[in-house]
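Read the structure below first, then the notes.
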């Protein structure tokens with residue numbers, strides 16, 4: 022088979038091992054995607070079966086894998102399931118949800134919807150939302166669900182009042198989700214688990230359906246994903262997982278590195294194949310990255326072999342503050358864009374003109390982008406910030422989709438509340454409070470309580486085809502709503518009824534257009550007559566175009582399926598633009614990408630590694646993995662920068678250098694000179710580049726970490742005087758700035 026000739030020896034072994042469990046440990050830049058794609062194609066060609074499940078972590082990766090397989094084999098890939106974990110759960114539940122006693126027509130709640138429901142739960146429980154932050158409660162609930170902990174279990178293990186309160190909200194949250202025929206992202210994993218454990222015959226059906234299972238990025242699976250895959254693996258154990266324990270960086274959202282570390286324990290007959298040939302980065306970059314990751318203990322271990330030898334030394338710059346750091350980055354970017362980097366050694370990209378899309382700036386937290394953006398704007402450098410407000414999270418988009426969600430699922434109280442007074446209909450909070458009371462008394466949704474009758478024009482299951490009395494019927498609040506309020510609610514329910522009548526008559530794009538017109542939403546924006554409103558209308562036009570594209574590609578387009586595709590789109594599917602802009606992003610967003618030149622800013626203790634990780638071994642190892650991921654995105658040039666002083670929360674702080682800097686062999690570094698700064702590191706002989714800061718007769722150097730018997734840990738800022746009168750300026754974490762006589766200071770290297 023000719024396509025196998027395109028693989029190296031280890032890649033080919035991974036592709037050809039079809040029967041039995043296989044762990045492919047794929048180092049950064051080692052051709053992981055190629056192995057997955059070719060393995061999928063090889064199963065199709067060699068086994069003549071489409072009983073395949075391939076799970077990726079982004080919709081974008083799933084789509085690209087299918088396209089590459091089709092190009093490779095020159096054939097359609099219909100029948101193969103290549104999708105994300107959440108899309109897998111959604112597809113299973115759409116077919117099997119009634120076996121759990123719940124309707125198959127359910128709404129998928131995103132983060133914003135979850136917080137809206139949690140606010141409603143807090144109101145019902147008389148808990149103050151200012152004290153019980155919906156975001157905090159959501160975080161507790163998501164962490165519990167990802168760890169397969171139910172409300173009762175959470176209540177038992179909660180020792181502090183905050184968690185006990187969150188457990189009460191969790192219990193009501195789950196009840197309300199079920200009443201509204203809604204699920205959250207965690208349910209897309211947990212409910213299939215419940216389904217399979219309670220219905221062995223259903224599990225057996227899917228095991229037969231998936232004779233071969235492939236899982237990408239296995240190091241990032243959480244407990245629910247891990248358990249789901251283990252259940253689906255049949256007796257033949259034809260499972261292949263691909264991952265890299267050194268790139269496990271999502272612990273904060275439930276990823277469990279133990280899943281990949283224990284794969285060979287879970288499957289004792291598993292074969293291990295390591296992909297160690299790196300096709301991406303220059304040797305200098307890889308040596309530095311490996312020096313950092315080698316300190317971690319939670320790893321199987323591999324040794325990357327660079328196929329691109331040499332490369333320029335890694336440029337390191339210590340700036341006096343974050344503004345100088347940003348200006349340094351902007352100046353170097355401008356040099357690269359203009360090809361003015363002749364002072365560097367030729368080779369490895371030096372002297373070339375870089376395109377904007379060849380360059381990326383990575384930072385640990387979003388807040389660090391502000392200074393970089395200011396410096397870029399001052400130099401007219403085009404840039405894009407990845408991780409801002411996503412298209413589908415913009416207010417006008419969520420409002421419009423809320424109408425569509427309510428048409429598909431009239432029990433969706435969260436989206437009812439979002440749009441019942443948008444555009445304004447004089448339906449205030451007092452009216453809604455009475456409506457909530459009425460709905461609770463009747464056991465109805467808010468839309469039903471307002472007079473809407475669910476008679477299912479879109480196939481709503483019989484279990485919810487119930488007519489509830491309207492406001493005027495005696496099953497209402499003790500203080501009936503005023504006639505004007507009833508009329509306003511009646512107009513809204515009439516609008517929903519009319520639009521729902523159209524749901525099966527028109528396509529998704531046309532339906533969205535009708536929603537915007539008949540609801541008055543488009544008119545509301547036109548009447549604003551502002552630049553912002555024009556931009557929002559353009560976004561809504563783009564939403565209609567997205568729906569048109571969906572209808573062109575979908576086999577059986579429907580409003581429900583379109584909403585699923587939108588809900589299952591995540592921030593991980595975002596990618597830098599195709600060209601013309603330098604990319605700014607957090608390190609967590611950078612995974613899976615590559616750039617010719619990479620800048621890692623904020624290399625300071627407390628920034629990177631993050632302050633919350635210090636003293637926590639598991640967190641410290643994750644931060645080190647994050648640094649490894651960031652560095653290995655660089656193909657040719659790598660820049661590391663830090664600010665000696667940085668303004669945080671309104672106060673100037675002096676930060677110690679990141680410990681990762683000390684891990685890098687000095688011979689791999691070139692220190693950038695800035696003669697205008699008393700804090701900057703001096704130039705180093707190019708024949709022996711290493712980190713040395715103003716070596717004085719004391720043996721101390723600027724930027725060095727030191728320890729004092731009384732003041733504790735500190736950072737040498739500089740010196741005054743000379744000889745017997747030499748003084749050393751030190752910033753201590755606990756005691757602040759001190760000026761000490763050098764010969765009496767008693768400072769020891771830390």
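In the working numbering, the protein residues as written are 22 to 771.
Cβ coordinates follow ideal geometry from the N, Cα and C atoms, glycine included.
Would you identify the three-state DSSP class for residue 490, choosing helix, strand or coil?
Low confidence applies to residue 490: its pLDDT is 36, below 50, so where it sits in the model is not reliable enough to give any reading.
What is the DSSP secondary structure of residue 312, counted as helix, strand or coil?
In the structure shown, residue 312 sits in a helix (DSSP, three-state: H, G or I).
Taking the alpha carbon of residue 397 as the point to measure from, which residue in 353, 429 and 246 has its own alpha carbon closest?
Minimum Cα distance to residue 397 is reached at 353.
Which residues in the same chain have their Cβ closer than 8 Å to the Cβ of residue 202, if we skip the five residues on either side of it in sequence?
123, 124, 126, 127, 128, 430, 432, 433 and 485, listed in sequence order.
Would you call the region 304–314 and the region 337–354 in contact, with 3 or more CB pairs under 8 Å?
No contact exists between the region 304–314 and the region 337–354.
What do you get for residue 455, buried or exposed, if any count of 16 or more other CB atoms within 10 angstroms of its CB means buried?
Answer is buried; the Cβ neighbour count reaches 16.
Provide the residue span of the beta strand (DSSP E) that contains residue 651, from first to last.
Careful: residue 651 lies outside any beta strand (DSSP E), inside the alpha helix (DSSP H) at 638–652.
On the three-pair Cβ rule with 8 Å, is the region 580–592 touching the region 380–392?
Judged by Cβ distances under 8 Å, the region 580–592 makes no contact with the region 380–392, as fewer than three pairs qualify.
Would you check if the region 195–210 and the region 42–51 touch, i.e. whether three or more CB-CB distances between them fall below 8 Å?
No, they do not touch.
Report the rounded CA-to-CA distance for residue 139 versus residue 258, giving the unit in angstroms.
When rounded, the distance between both Cα atoms is 41 Å.
Hey, residue 342 and residue 664: beta-carbon distance below 9 Å or not?
In this structure, residue 664 lies closer than 9 Å to residue 342 by Cβ.
Is the beta carbon of residue 87 sitting closer than 9 Å to the one on residue 109?
For residue 87 and residue 109, no; Cβs fall outside 9 Å.
Find out if the Cβ-Cβ distance for the pair residue 260, residue 288 is shorter than 9 Å.
Result yes, Cβ atoms of residue 260 and residue 288 sit closer than 9 Å.
If contact is defined by three or more beta carbon pairs under 8 Å, each pair taking one atom from either stretch, is the region 23–33 in contact with the region 217–236?
At 8 Å Cβ cutoff, the stretches do not touch.
Does the distance from the C-beta atom of residue 210 to that of residue 245 stay below 9 Å?
Their beta carbons are under 9 Å apart, which means residue 210 touches residue 245 by this criterion.
CA-CA distance, residue 85 and residue 103?
In a straight line, the C-alpha of residue 85 is about 10 Å away from that of residue 103.
Terminal residues of the continuous alpha helix (DSSP H) containing residue 590?
Unbroken run through residue 590: none, as it is neither H nor E.
If you check the beta carbons only, do residue 69 and residue 39 fall under 9 Å apart?
No.
May I have the straight-line CA-CA distance separating residue 36 from residue 98, to the nearest angstrom?
Those two C-alpha atoms are separated by around 18 Å.
Work out the CA separation of residue 588 and residue 79 for me, nearest whole Å.
About 13 Å.
Pull up the CB-CB distance for residue 296 and residue 730, whole angstroms please, since I reckon it's below 8 Å.
Not quite, the Cβ-Cβ distance comes to about 51 Å (not below 8 Å), so this is no contact.
Would you report the Cα separation of residue 66 and residue 255, rounded to the nearest angstrom?
Residue 66 and residue 255: Cα-Cα distance of roughly 21 Å.
To the nearest angstrom, how far is it from the Cα of residue 522 to the Cα of residue 516?
When rounded, the distance between both Cα atoms is 10 Å.
Return the Cβ separation of residue 253 and residue 193 in integer angstroms, given the expectation that the two are a contact with Cβ distance under 8 Å.
Between residue 193 and residue 253 the Cβ distance is about 32 Å, and since that is not below 8 Å, they are no contact.
Assign residue 100 to buried or exposed, taking buried as 16 or more other Cβ atoms, counted over all protein chains shown, within 10 Å of its Cβ.
That one is exposed.
Starting from residue 770, follow its DSSP beta bridges and name the residues at the other end.
Answer by DSSP bridge pairing, in chain order: 727.
Please list, in chain order, all residues of the same chain as residue 23 whose beta carbon is under 6 Å from its beta carbon, the five residues on each side excluded.
The answer is none, since no qualifying residue turns up.
For residue 522, report the span of its alpha helix (DSSP H) as first-last.
Residues 504–523.
Looking at the structure shown, is residue 234 part of a helix, part of a strand, or coil, going by DSSP?
Strand at residue 234.
Within the continuous alpha helix (DSSP H) that includes residue 182, where are the two ends?
Run containing residue 182: 182–200, per the alpha helix (DSSP H) assignment.
Thinking residue 425 and residue 438 are a contact (beta carbons under 8 Å), I'd like their distance in whole angstroms, please.
At roughly 16 Å, the Cβ-Cβ gap does not stay under 8 Å, so residue 425 and residue 438 are not in contact.
With residue 622 and residue 346 assumed to form a contact (beta carbons below 8 Å), what rounded beta-carbon distance in angstroms separates them?
With a Cβ gap of about 6 Å, residue 622 and residue 346 count as contacting.
Scan the region 608–639 and note each continuous beta strand (DSSP E) run of 3 residues or more that stays entirely inside, going in chain order.
Listed in chain order, they are 616–621.
Enumerate in chain order the residues of its own chain whose CB-to-CB distance from residue 693 is below 6 Å, with the five nearest sequence positions on each side excluded.
Cβ neighbours of residue 693 beyond the five flanking positions: 336 and 338.
Tell me the rounded alpha-carbon separation between residue 755 and residue 728.
Those two C-alpha atoms are separated by around 11 Å.
Have a look at 653, 652 and 613 and flag the residue whose alpha-carbon is nearest the alpha-carbon of residue 53.
The option with the nearest alpha carbon to residue 53 is 613.
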